[in-house]
Amino acid sequence: MDLGLKGKTAVITGASVGIGLAIAEGLAAEGSNLVLAARGGERLEAEAARIAEKYGVSAVAVAADVATVAGTEAIIAAAAEKDGADILINNAGTGSNETVMEAPDEKWQSYWDLHVMAAVRLARGIAPQMKKRGGGVILHNASICAVQPLWYEPIYNVSKSALMMFSKTLSTELIPDNIRVNCVNAGLILTPDWIKTAKQLTAETGGNWEGYLQSVANEHAASKRFGTPEELANVFVFLSSERASYCVGSTYFVDGGMLKTI
923 MDLGLKGKTA VITGASVGIG LAIAEGLAAE GSNLVLAARG GERLEAEAAR
973 IAEKYGVSAV AVAADVATVA GTEAIIAAAA EKDGADILIN NAGTGSNETV
1023 MEAPDEKWQS YWDLHVMAAV RLARGIAPQM KKRGGGVILH NASICAVQPL
1073 WYEPIYNVSK SALMMFSKTL STELIPDNIR VNCVNAGLIL TPDWIKTAKQ
1123 LTAETGGNWE GYLQSVANEH AASKRFGTPE ELANVFVFLS SERASYCVGS
1173 TYFVDGGMLK TI
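Each residue of the sequence shown is one higher than the one before, counting from 923 in our numbering.
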C-alpha cells in the first residue's frame, strides 16, 4: 500500500529512543524526511545519521527540551529551514510517581509544560508552516491513562487527559486549513524505560525482570503481553498518511485490550 509519505517532512519529539525512534524509522521507511528532537544530543545525532543512511532520507537532529520555550522555538526553526513540516508528532513525555496530597506545585507544572504546553507551542509554530504547504497532520501521543488512570501517577493521568482534549480542540480549529489532528492512546508498550524500571524493582528479589513485566501484562492487558514500539509506530505512520484522510479529531487506542470501557 502506497501511503503517500515519500518526500514529506516529519517533526518528531522524544525521537532518540523507544516509541519516538520507532515512529521515525517507520516514516523514514516510507520515504519521509525527518526533523528529530530530544534532549540527548549525542544519541540523537547518532540515530539520525543511522536512519538517514539506512533509508536514504534527510534526518536532522535538534537537541532541545520541549518543556521549554527555547526548546520548542529551536524545533520550529529547524522545520522552517527544511521549508516547513508536513507532519508533527508530539511524542515526548514520561511517567510519574506520586500522590496528589504530596506532589508539589513544581512537579505539576513540569509535567504540564512537557505534555501540554510543548504541544501547544509546537502547534502554534508549525501549523502555519503546514498551511503554506497546503495542509498537514498533527498527532499526539497521549496514553490510555488519559481515560483509565493508574493510581500511582495522578499527574501523568491528568496531563495526558489534557493533551487528549487539546488534540480534539485543535482538530476543530485547524481542519479548515486541511490540517488533520488526532490522538493515540497507547497501553503497555515495551520501551527501555519499562525494562529499566523492572530491573530496578526486581534487583533485590532475584532479578526476574521479565517475569515482573509478564505479571504487569497479565494484570492489565487482555492480550497478556506488552506491545512493541514498532506496533505502535505502525498506527502513527498510517494516521500520518493520505490513507487516513477522513480521520479527524479522534483518539485511537493501541492497548492490547487494556481499555475496560466502551
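Beta carbons are placed, not taken as given, at the ideal position from N, Cα and C, and that holds for glycine.
- Annotated three-state conformation of isoleucine 997 is helix, per DSSP.
- Asparagine 1156 is not bridged by DSSP to any residue.
- With 16 or more neighbouring CB atoms inside 10 Å of its own CB, leucine 949 falls in the buried class.
- With three or more CB-CB distances shorter than 8 Å, the segment 1089 to 1108 counts as touching the segment 1061 to 1068.
- Isoleucine 998 is positioned such that its CB atom lies closer than 8 Å to that of isoleucine 1048.
- In terms of Cβ geometry, alanine 1045 and leucine 1085 do not form a close pair [threshold 8 Å].
- For tyrosine 1174, there is no enclosing alpha helix (DSSP H); the enclosing beta strand (DSSP E) covers residues 1173 to 1176.
- Here the segment 943 to 962 makes contact with the segment 1009 to 1017; the two share three or more CB pairs at distances below 8 Å.
- Non-local beta-carbon contacts of glycine 1129 in its own chain, meaning distances under 8 Å to residues more than five positions away in sequence, involve Lys1121 in chain order.
- Asparagine 1063: member of the beta strand (DSSP E) spanning 1058 to 1063, first to last residue.
- Where asparagine 1107 is concerned, there is no enclosing alpha helix (DSSP H), although the beta strand (DSSP E) around it starts and stops at 1101 to 1108.
- Contact check for threonine 1124 against tyrosine 1134 passes: the beta carbons are separated by less than 8 Å.
- By the criterion of at least three beta-carbon pairs nearer than 8 Å, the segment 966 to 979 is not in contact with the segment 1017 to 1029.
- For glycine 1006 and glutamate 1024, the gap between their C-alpha atoms comes out near 43 Å.
- DSSP places alanine 981 in the strand class (E or B) of the three-state scheme.
- Contact between leucine 1161 and isoleucine 1066 does not hold, since their C-beta atoms are separated by about 17 Å, which reaches or exceeds 8 Å.
- Checking the DSSP bridge columns, you'll see threonine 1127 has no partner listed.
- The C-alpha of serine 980 is placed about 6 Å away from the C-alpha of leucine 956.
- Counting C-beta pairs closer than 8 Å gives three or more between the segment 1070 to 1083 and the segment 1030 to 1044, which meets the contact rule.
- Alanine 960: member of the beta strand (DSSP E) spanning 955 to 960, first to last residue.
- Phenylalanine 1175 and phenylalanine 1158 have their C-alpha atoms spaced approximately 11 Å apart.
- When rounded, the separation of the alpha-carbon atoms in glycine 926 and glutamine 1051 is 19 Å.
- Glycine 1109 is positioned such that its CB atom lies no closer than 8 Å to that of alanine 1155.
- The beta carbon of glycine 963 sits closer than 6 Å to the beta carbons of Ala985 from its chain, once the five residues preceding and following it are set aside; these are given in chain order.
- In this structure leucine 966 is in contact with alanine 983, their Cβ atoms being roughly 4 Å apart against a cut-off of 8 Å.
- Here DSSP, grouped into helix, strand and coil, assigns threonine 931 to strand.
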